[in-house]
Each structure stands twice: as C-alpha cells, then as structure tokens.
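Here's the structure we're looking at; comments come further down.
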Amino acid sequence: VTEPDLKGRHVVISAGGTREPLDPVRFLGNRSSGKQGYALARTAAARGARVTLIAANSALPDPAGVDVVPVGTALQLREAVLEASADADAVVMAAAVADFRPAVYAAGKIKKKDDQEPEPITLVRNPDILAEVSAERARPGQVIVGFAAETDDVLANGRAKLKRKGCDLLVVNEVGESRTFGSEENEAVVLGADGSETAVPHGPKEALAETVWGLVVERLH
Ligand code: C5P
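Count along the sequence shown from 1, add 189, and you get the number used in UniProt numbering.
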C-alpha cells in the first residue's frame with residue numbers, strides 16, 4: 190500500500206529531452222525517452238501529490254491525473270518549469286536539457302548547394318534551469334532534485350555537480366552504450382547536499398522514483 194505522504198503537495202517534474210531547431214524540419218536532440226520522468230509523475234500521483242509534468246518531446250501517454258505541459262526546446266522548458274515552480278513543494282529535473290542550441294534558426298529549410306561545402310553550425314549556451322531554480326527557491330523549503338548521467342568517476346563527478354547546481358538531491362547514474370536511455374530499468378546513487386548517499390540497485394524506473402520521493406518527503410517540512 191502506497192502512503193499518501195505527498196498529499197496536499199504540488200510537485201513539478203521535467204521529463205524527456207529537448208530539441209533545439211536548426212530550421213523548420215531539423216533539430217539537435219538526445220536519446221532521452223522520458224520514462225524516468227513519467228515514472229516519477231505516476232508514483233508522485235499515487236502518493237497523493239498534485240503533479241505538473243513538463244514533458245519535452247516524449248512519445249509516452251499522459252499519466253492519469255497529472256497536468257502535462259508539452260514543450261519542445263530548452264527555453265520553452267525553462268519558461269514552463271519557472272511558472273509551475275512558483276508554488277511547488279518539490280521540483281525534480283529529470284529531463285535531458287540541451288546544454289547548447291544553434292545560434293541561428295533558419296526560417297526556411299537549409300539547402301545543400303552542389304558546389305559548396307556545408308556551413309558550420311554555431312552553438313550558444315542554454316541557461317542551466319536546475320541551477321536557476323535551486324538559486325531562486327520560489328517557495329521557502331522547496332526541495333530540488335537533479336539528475337546526472339556520468340560515464341566515469343561517477344561519485345566524485347556527482348558530488349561536484351551537486352555543489353555546482355545547488356540542488357538538495359542529485360540522482361547520479363552511470364551511462365554507457367544501451368544503458369539507461371530508453372531502457373525500462375535504471376541503477377543509481379542518490380547524493381544529498383547533507384552528505385547522504387543512497388544506492389538504488391538495478392531495477393525498474395518506478396523503484397528509483399519511489400526512493401527519490403522517500404528522500405524528498407524526509408526533506409519537506
Ligand atoms: O550539467 P548536466 O547537464 O549534467 O546536469 C544535468 C541536470 O541538470 C539534470 O537534472 C538536467 O535536467 C539539468 N539541466 C538543466 N538545464 C540545462 C542542463 C541541464 O536544468 N541547461
């Protein structure tokens with residue numbers, strides 16, 4: 190039996206992966222399926238929360254009883270997260286947000302020209318939404334959770350990232366070929382700003398989601 194320990198709470202979750210358009214038909218994207226974020230949304234709703242799911246380009250069906258806000262780009266995701274976070278008790282940034290976007294958006298489809306080399310793509314930085322939400326704390330006591338995919342020195346890199354982002358919890362998972370992205374399962378360590386370290390063994394994304402909510406509930410007052 191799931192305890193309704195998030196009853197009366199509003200939680201905001203970002204999920205999926207942003208797409209940064211080059212022209213009307215092309216984009217720079219990533220392999221995030223949205224499965225971990227959707228598992229977080231379903232489990233939070235089952236624990237009694239009011240859930241806002243900011244969904245970036247996910248093909249998954251809307252979870253029942255959840256407010257879904259579809260977005261495309263990192264800038265749209267930022268707007269939606271900032272708006273929904275204003276009265277949130279917890280914000281969980283599970284989305285894979287593009288660090289960079291093309292500097293120019295071509296209003297018409299970019300064409301190849303027979304006798305010319307292609308133009309290089311120039312990128313500019315996207316804002317770091319997790320760092321921004323963590324620095325602002327729209328509501329006192331708001332609990333903020335980030336995700337980090339690392340390929341090496343997972344714990345050391347995770348600790349450094351937790352500090353840099355300023356969030357309360359960071360879910361760190363090791364990624365490699367065919368691990369994590371698009372998969373039904375996950376394996377992670379959840380690092381706390383208070384020094385805590387919670388290992389979550391390989392298992393369904395729901396199980397990791399439940400562990401995250403347990404740690405969030407401990408930090409809510
Ligand atoms: O720095 P890195 O991309 O590894 O950080 C991952 C975490 O930061 C995730 O929680 C992701 O949602 C968030 N993020 C963000 N804005 C960005 C890049 C990442 O909020 N521009």
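For glycine and all other residues, C-beta sits at the position ideal for the given N, C-alpha and C.
How about residue i: is its Cβ closer than 7 Å to a heavy atom in the ligand C5P?
i: residue 316; result: yes
i: residue 288; result: yes
i: residue 336; result: yes
i: residue 358; result: no
i: residue 263; result: yes
i: residue 284; result: yes
i: residue 203; result: yes
i: residue 196; result: no
i: residue 350; result: yes
i: residue 224; result: no
i: residue 354; result: yes
Is residue i near residue j, with beta carbons less than 8 Å apart?
i: residue 357; j: residue 334; result: yes
i: residue 404; j: residue 381; result: yes
i: residue 203; j: residue 255; result: no
i: residue 280; j: residue 240; result: no
i: residue 395; j: residue 228; result: yes
i: residue 310; j: residue 267; result: no
i: residue 201; j: residue 243; result: yes
i: residue 402; j: residue 236; result: yes
i: residue 418; j: residue 376; result: This structure cannot speak to residue 418, because the chain is shown only from 190 to 410.
i: residue 364; j: residue 338; result: yes
i: residue 399; j: residue 207; result: no
i: residue 314; j: residue 209; result: no
i: residue 351; j: residue 344; result: no
i: residue 283; j: residue 245; result: no
i: residue 295; j: residue 211; result: yes
i: residue 332; j: residue 217; result: no
i: residue 361; j: residue 195; result: no
i: residue 252; j: residue 234; result: yes
i: residue 324; j: residue 347; result: no
Between which two residues does the alpha helix (DSSP H) carrying residue i extend?
i: residue 231; result: 224-235
i: residue 346; result: 343-354
i: residue 310; result: Here residue 310 belongs to no alpha helix (DSSP H), and DSSP marks it neither H nor E.
i: residue 215; result: Element bounds for residue 215: not the alpha helix (DSSP H) but the beta strand (DSSP E), 215-217.
i: residue 208; result: That residue, residue 208, is in no alpha helix (DSSP H); it is neither H nor E in DSSP.
i: residue 405; result: 394-408
i: residue 321; result: 318-325
i: residue 269; result: 263-274
Ends of the beta strand (DSSP E) at residue i?
i: residue 202; result: 199-205
i: residue 191; result: Neither: residue 191 is in no beta strand (DSSP E) and is coded neither H nor E.
i: residue 358; result: 358-363
i: residue 244; result: 239-245
i: residue 333; result: 332-339
i: residue 376; result: 374-381
i: residue 256; result: 256-260
i: residue 253; result: Counting along the chain, residue 253 falls outside any beta strand (DSSP E), and DSSP gives it neither H nor E.
If contact is defined by three or more beta carbon pairs under 8 Å, each pair taking one atom from either stretch, is the segment 322-338 in contact with the segment 267-285? Judged by pairs of C-beta atoms under 8 Å, the segment 267-285 touches the segment 322-338, as three or more such pairs exist.
Determine contact between the segment 218-231 and the segment 258-265, defined as no fewer than three beta-carbon pairs at a distance below 8 Å. The segment 218-231 is not in contact with the segment 258-265.
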